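J.: Under our numbering, the first residue of the sequence shown is numbered 1060, with each subsequent residue one higher. Quick one: the structure is below, and I'll ask about it shortly.
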Amino acid sequence: MEHAQDIPEGLRTARESIDNIDAALIHILAERFRCTKQVGKLKAELGLPASDPGREERQIARLKTLAEESGLDPVFAEKFLKFIVTEVIRHHEEFAENK
């Protein structure tokens, strides 16, 4: 078990930054899901399908470009977005079923 005094300063600082970024990611994801749930409700009210493959493909292309520009693996960015979109579609389908 590591003790705070045993961790080199640079490592401790880097880990604190990672912890802060992880917390920010959680808050950002929560906000994103609040927005997509609103979209799901609107789609259900309008009788629109839960999935929009055209938009999903445009988003993937856009985020892969952003990933490349940011030095992030675009394949990882695509997998991450597809994971999120799968969950969003599940929520949208639930709204449609419970309409």
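In this text, a Cβ means the ideal position worked out from N, Cα and C, and glycines have one as well. As the structure is a computational prediction, the values presented were derived from the model and not from experiment.
Determine the burial state of E1073: buried for a count of at least 16 other Cβ atoms within 10 Å of its Cβ, exposed for fewer.
T.: For the record, residue 1073 in the displayed sequence is Ala; it is not Glu. Under this definition A1073 is an exposed residue.
J.: Return the CA-CA distance between A1136 and E1068, expressed in angstroms with no decimal places.
T.: 31 Å
J.: Check L1131 in the structure and name its three-state DSSP category.
T.: coil
J.: Out of I1119, L1131, L1107, state which residue places its alpha-carbon closest to the alpha-carbon of A1155.
T.: L1107
J.: Can you give me the C-alpha to C-alpha distance between I1143 and I1077, rounded to a whole angstrom?
T.: 21 Å
J.: Check S1110 in the structure and name its three-state DSSP category.
T.: coil
J.: Note down the Cα distance separating V1098 from D1065, rounded to an integer number of angstroms.
T.: 49 Å
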